[in-house]
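> I have a structure here, written as structure tokens, and I will follow up with some questions on it.
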Amino acid sequence: MQTIDEVAERAGQLYAEKYHCCEAVVTAVSEYMGLEGDLPLRISTPFGGGLTGNGAACGSLLAAYLCMGLFKGRTSEEADRKDACEPANRIYHRFCETYGSPDCRNIVGYDKTDPKAVELYGKQVKQDVCIPLTKEVTRWILEELTHA
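Here the sequence shown stands for residues 1266 to 1413, where the numbers follow the working numbering.
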């Protein structure tokens, strides 16, 4: 079985190669948790770059919510939401404390909808800020999912 750090590295690798942040985190966590098929990739598709590249909520943070729903979400209307909501909320607060904002645009420091800004800053910020952030959030998700 992979370690948390290995799964975090996998998320970083996926993000560096072919997926955006949310897809990378949800895919790596789903692989670790044994969820097969294309559902994780499909549900995470519109969430990268701060909600389809708009710079809103960070895709890695949104991945935490998707993962809590996938792996701790309720399975009936009578079931309690707290098993998914409480860990998602802990990650949210940890994220905001660590990165200063839940929003992609504030973390990356440029307008993700401005093609010139993306061209100027995108690759470097992805390497220096986003990939490390994606790895860290993946660790937090797995800590919550594997916490006894």
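Backbone N, C-alpha and C fix where the C-beta goes; we use that ideal spot for every residue, glycine too.
State the CB to CB distance for the pair T1399 and V1290, rounded to an integer number of angstroms; the pair is presumed to be in contact (CB under 8 Å).
Contact holds; Cβ gap of about 6 Å.
> Find out if the Cβ-Cβ distance for the pair G1314, D1376 is shorter than 8 Å.
Taking 8 Å as the Cβ cut-off, G1314 and D1376 do not qualify as a contacting pair.
> For the alpha helix (DSSP H) holding L1326, just list the boundary residues, first then last.
Per DSSP, L1326 belongs to the alpha helix (DSSP H) from 1324–1337.
> Restricting to runs no shorter than 4 residues, where is the alpha helix (DSSP H) found entirely within the stretch 1346–1390?
Listed in chain order, they are 1347–1364, 1369–1373, 1380–1390.
> Report yes or no: do three or more beta-carbon pairs, one from the stretch 1292–1305 and one from the stretch 1320–1340, lie closer than 8 Å?
Touching, yes.
> For the alpha helix (DSSP H) containing C1287, list its first residue and its last residue.
It spans 1286–1298 - the alpha helix (DSSP H) in which C1287 sits, taken as one unbroken run.
> Using only the alpha-carbon positions, how far apart do Y1330 and Q1392 sit?
Near 24 Å, if we compare the C-alpha coordinates of Q1392 and Y1330.
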